[in-house]
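Remarks on the structure that follows.
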Amino acid sequence: MIFEFYHRFLRGLLTALMFLLLIPVSMQMLSRYTGLIPRYIWTEEMARFCFIWIILVGSMVAVRDKSHFIVDLIPEPKTQRGKVIWELIPDFMMTCVAVIFIIWGWPLVKFGLMQQSEMSGLPMIYIYGAWPLAGATWFFFLIEKFINNLKTLKSSE
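With the numbering used here applied, the sequence shown corresponds to residues 2 to 158, in that order.
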């Protein structure tokens, strides 16, 4: 229930970030090619920060939607039990990456507390905080998926 609400929130946030990205990019294009508005330095930084959040929020949504990128190295199993076990391998690997993002993201967040972006003066914690948040979100979504896979595995026996 709470995961579903959080997932819907992330999808809405992703949509809002995509629309928000249009503002600085449009301003950059207008100032570069038309001269109708002056060149603003902060637009490049805002576009970059939005893009970082779009990538990480999009990856959070993709893990829950099971639309993330998976490479098939060997043919997929034919039985339901085999498919569930087969799904556990990439899920375990993604969980390891999530833990890495959480562990190494915290020093980055602490570093971001002491820094500000050069152009906009925005505290960098708003940018660096995306990494451990993404890791924690992946971790919880993957735990939810793991529990659902175990239920499927038990029911297929």
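Virtual Cβ for every residue (Gly too), placed ideally from N, Cα, C.
Predicted model, so just to flag it, every value in this text is computed and none were measured.
Given this structure, state the Cα-to-Cα distance separating CYS97 from ILE55, to the nearest angstrom.
The alpha-carbon atoms of CYS97 and ILE55 are separated by roughly 22 Å.
Apply the 10 Å Cβ neighbour rule to TYR127 and answer buried if 16 or more other Cβ atoms are within range, or exposed otherwise.
Counting every other CB atom within 10 Å of its CB across the protein chains shown gives TYR127 a total below 16, marking it as exposed.
C-beta contact flag for LEU57 and ALA135 at 7 Å:
Closer than 7 Å, so yes.
Strand pairing of PRO124, partner residues [DSSP]
Partner(s): GLN117.
Can you tell me whether DSSP reads PHE102 as helix, strand or coil?
Residue state, collapsed to three classes: helix.
Taking just the CA atoms, how far does MET94 sit from ILE101?
Straight-line spacing of the CA atoms in ILE101 and MET94 works out to 11 Å.
According to DSSP, is PRO108 helix, strand or coil?
Collapsing the DSSP output to three states places PRO108 in a helix.
Between the beta-carbon of PHE4 and the beta-carbon of GLU145, is there less than 7 Å?
Going by C-beta atoms, PHE4 is nearer than 7 Å to GLU145.
Please state whether DSSP places ARG40 in a helix, a strand or coil.
ARG40 falls in the coil class under three-state DSSP.
Given GLY113, which residues of its chain have a CB within under 8 Å of its CB, disregarding the five upstream and five downstream residues?
Within the same chain, GLY113 has close Cβ partners PRO124, MET125, ILE126, TYR127, ILE128, TYR129 and GLY130.
Delimiting residues of the alpha helix (DSSP H) encompassing PHE10
Its alpha helix (DSSP H) spans residues 3-34.
For GLU77, which three-state DSSP category applies?
It is coil, neither helix nor strand.
Straight-line CA distance for VAL72 to PHE142?
When the Cα atoms are used, VAL72 and PHE142 turn out to be separated by approximately 20 Å.
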